[in-house]
Structure formats: structure tokens, C-alpha cells
Amino acid sequence: MLQPQWRLDPNSNRRPLVTAWLVLGVSALALAGIFALLLVAARAPGTGALFPTQDFFRVALIVHVDQSVLIWFLAFGGVLWGLAAPPVPGLSWAAFCIAAAGCLLVAASPFLGAVDPLLNNYVPVLDHPLFVAGLGLFALGVLLHLAGYLRGARSGLSWGDPLAVGTLTAALAALISALSLVWTWAGLSPNWEGKTFYEYLFWGPGHVLQFAYTQILLVAWIWLARAAGRELPLGGRTLSALLVLGVLPLVAVPLVHGLYAPDSAETRIAFMRLMQWGNGLAAVPIGLALLIALIRGSGRATEPASLPVRRALVASLTLFAAGGFLAVLIAGSNTIVPAHYHGSIVGVTLALMGLTYHLLPRLGFGRPDGRTARVQPWIYGVGQLLHIGGLAVSGAMGIQRKTAGAAQGLDSLAAKLSMGVMGIGGLLAVIGGILFVLVVIGAFSRRTT
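Numbering-wise, the numbering used here puts 307 at position 323 of the sequence shown, and it's gapless, one number per residue.
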């Protein structure tokens, strides 16, 4: 089971920092939910006419994506790194404060003049110094925290503990992504600007960052399976080896940068193939092992206190698998693309929600085992299944991604119905996200130690 360094006693000096990063992640998810409400309303038939659709939709989309993916996922990486190694005096808390300032600035920048949306891939940007400064501050805070973790990681690393190994591989993937970003920036032509500049800048690092997200997901899956009493049919050393295999393809990153210019077609194809063929090396076998563990335990009684954890785990696996299936159907720039990545991304989010439920009482807060906590994963998961289902059907009918209002071309009843299902699913998912935040706030209000 878990190594001693992962157990948080009331006097642990890791608890305050871990709690701070968890609060930051949940806050980012809450901010993303607010912008998601505006985003869904701006795109759904009927309500879309109430908004200045194109610009408003795009501004809300950018802030929603960056808060719900980049900041939420990496903040949870901060949780894991804080659990796995002791804080570094002076550095660890400074890193958190810098990251928190960046998160808040990203959310506030649309109200401070950042209204020029650039819908580049992976890290979409509002073309304004305040927004870019917010992203930079958050990245700097994460990297400083990562440096503190790596400084003390070796003392707590055990090959038989896949949680520790997975946390390390996630950190290494995040670090390689940062190095890829610097390498790309240094090699880009100064003639590029606007969307084209950020598209090239984040293409390679964005693909690498998906490996870090996947490693964080796999750590959460293994931990949640154990917490729910569903031990995977693989030993700790085998799981650790698979987790290392999951980041092994990243040895090709320096080769890609060394061979091709960052704005070349070869670079774009190379990173796309790297993620397409490399990012499932650990996820597929561990996901199948998790499915076996869940099937074997399907007839076993589940303690009410662990129901939120188990349901989040099941919903996570379902959404992540749906996202992977939809990836096979992608042909062109239609709404099947966001259907794919919403499935995969929400699969990660649900796993982290479940792990949050598991960690809260271990951080000295109330146990989230009430009715709201038990139904929240189902509401969020079903809502997102409807959301991606509507997007997938719309994409099959030719509806283009990153559009809203009349630009969507909803000329048929079927197209309007599919986008209506998307809107209903999106609203359900937002409700599920709000319920998660409320459950966490309730647990915080019931401090036990």
C-alpha cells in the first residue's frame, strides 16, 4: 500500500502546503465553471442570441480552457509533489504564492482589457500583456514548486510504490514540456505574431504536457482503486514499470527540436505522432487492469463513505475511454475534435475530483460522504457524456469547431437538436462542477484536526 511519506499525520509539515495547492486547483475549477456557464449559454440555440456571440464566446472559452485544464491539472500536480517531498523553506510557499497570483490574473484579465482572443491549440491566449503575465506567473510558480519537489524526491522514492514513481514521471514530463517551450521560443522567427506565434509556441510543449496530465491521471486511478477496495491485478513494480514506459517516448523531444525548425510541418507532425502513438503506452494497460479490478469487485458491497471515490473512478474511466474512441473518428476540424478532448480531459478531472474526496479527511477536513458527494460524479459524468455526444453528432454533420451563433451553420433540425443536447449536457456538467465545489467547501468548513 502507500509508503509512510504519503500518510499525513496532524503535525505533518506537508499538510498546509498540500492544502494550499488543493485550494488553488479547486478555485481554478470554480472559475472555469463560471466561464463555462457563459460559454454554454453563448453557444446553445436560443440563448446564444443574448450574447455578442463570437468575441464573447471566444474570450469565455479561452479562460475556461486555461483554468479547467492547465491550471487545475498542474495545481493538482502541485498537490502530489507536495505530498511526495517535504517543503523547501522559503521556496515552496513563494512558489505557491506566485502560482496563485498567476491564476487570479488569468481570470481577471478579461475585465481589465484583455478581450482579443487567439484560439491557438493547447494554451489559448488573450492577446494582452496582463493575460500573458498571468500565464507566466503561474508557470513560474509551478516550476519553482517542481524544483523543490525534485530536490527531495529521491529520499522518498521506492520502485515498489507506483504512486511515488508516477508522481516523479509526471514531474519529469512537466519539466520536459517547460524545456520544450524555451527551446521553441528561442528558435521561432521574430516575424511571427498573433495566433500564428502562439500556435507554434505551444504546439510541441502542449503535446508534451499531455504526457504529464496522463501520468497524474494514472496516479489518481491507482490511488482511487486502492481507496475503493479494488486492487489492480498488477504488482507495484509492474505498475511502476508501466508508468516509466508512459514517459519514455519523451526522449524523442530533443531529437525533434534538434532536427526541425519549430515552425515546420515536420515538427507539427512529429509531436502529433509522438502523442498519438506514445501517450497510451501506460494508460491502455493500466486502464484495462482497472477495468478488470472494477468488474471483479462489482458484486462486492461498498462502504457508503467510499461511494463518491468509486463513482468518480468509474465515471473517469468511462469518459477517458470515450474520449479515446472519439479520437479515432476525427477527420477535419469539426466538433468531433472538442468531443474527443472533452472526454479525455473530463476523465482526468473526474479522477482528480475523486482523489480530492479521498484526500480531504486525510488533510484534516470533513469526509465528503453525504448525498451530494455520492451523486455528484454521476451528474458531472452523465452531463459530459451528453455534451461530447452532442458535439460528436454535430461534427459528423459538418459543424465546425470554435464557432458560435450563426457561424455554426445550424440549418437543419437534427443539427439544432444535437447542439441542444450538447447544451443540456454542458449545463448538467456545470451543475456537477458546482456541486463538487460545494462539497469541497462543506468539507473545509468541518475541520477535524
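Where is the CB? At the ideal position from N, CA and C, for every residue including glycine.
Leu369 sits in a helix when the DSSP states are folded into three classes.
Looking at Thr333, Val228, Arg351, Arg(-2), the one whose alpha-carbon comes closest to that of Val49 is Thr333. Between Phe186 and Asn263, the beta carbon gap of about 17 Å keeps them out of contact (Cβ cut-off 8 Å).
Between the region 201 to 214 and the region 259 to 273, the count of Cβ pairs shorter than 8 Å is three or higher; the stretches touch.
According to the DSSP assignment, Thr319 belongs to no alpha helix (DSSP H), since it is labelled neither H nor E. Annotation for Gly136: the continuous alpha helix (DSSP H) segment containing it runs 113 to 136. By the beta-carbon neighbour count (other beta carbons within 10 angstroms, threshold 16), Pro113 is exposed. Between the beta-carbon of Phe60 and that of Ile200 there is about 6 Å, and that keeps the pair under the 8 Å contact cut. Rounded to the nearest angstrom, the Cβ distance from Gly125 to Ala92 is 16 Å, too far for a contact under 8 Å. Of the candidates Leu121, Ser52, Leu13, Gly136, Gly136 places its Cα closest to the Cα of Pro71. In chain order, Tyr184 place their CB closer than 6 Å to the CB of Asp247, counting only its own chain and leaving out the 5 sequence neighbours on each side. Pro101 carries a strand assignment under DSSP once its states are collapsed to helix, strand and coil. Rounded to whole angstroms, the Cβ separation of Phe420 and Met337 is 5 Å, and the two are in contact under 8 Å.
Proximity to Arg351 across Val47, Ala4, Val149, Phe428 peaks at Phe428, based on C-alpha coordinates.
Cβ contact annotation for Val53 (same chain, cutoff 7 Å, sequence separation greater than five): Ile329, in chain order.
Ala98 is positioned such that its CB atom lies no closer than 8 Å to that of Trp56. Boundaries of the alpha helix (DSSP H) around Glu250: 249 to 262. Under the rule that a run must span 4 or more residues, the alpha helix (DSSP H) segments found entirely inside the region 206 to 253 read 220 to 231, 237 to 243. Val192 and Met259 have their C-alpha atoms roughly 7 Å apart.
In this structure Leu130 does not touch Val90 by the C-beta definition: roughly 19 Å separates them, more than the 8 Å allowed. No Cβ-Cβ contact shorter than 8 Å links Gly365 with Leu301. With a threshold of 16 other beta carbon atoms within 10 Å, Leu239 falls short and is exposed. Around the Cβ of Arg138, a 10 Å sphere holds fewer than 16 other Cβ atoms; the residue is exposed. Between Val414 and Ala20 a beta carbon distance of about 5 Å is seen, short of the 8 Å cut, so the two are scored as contacting. When DSSP reads this structure, Val109 sits in a beta bridge with Leu102. Counting of Cβ neighbours within 10 angstroms places Thr432 among the exposed residues, the total staying below 16.
Taken through DSSP and simplified to helix, strand or coil, Leu172 comes out as coil. With contacts defined by Cβ atoms closer than 8 Å, Gly190 and Thr251 do not form a contacting pair.
Here Phe40 is buried. Its C-beta has 16 or more other C-beta atoms within 10 Å. Of the candidates Ala157, Ile253, Pro292, the residue whose Cα lies closest to the Cα of Val235 is Ala157.
Residues of the same chain with a CB within less than 6 Å of the CB of Gly150, apart from the 5 flanking positions on each side, are Gln199, Leu202, Val203, Leu227 in chain order. Per DSSP, Trp77 is one residue of the alpha helix (DSSP H) stretching across 75 to 92. Cβ contact annotation for Val63 (same chain, cutoff 8 Å, sequence separation greater than five): Val2, Trp5, Leu6, Gly9, Leu343, in chain order. Bounds of any alpha helix (DSSP H) do not take in Ser142, whose DSSP letter is neither H nor E.
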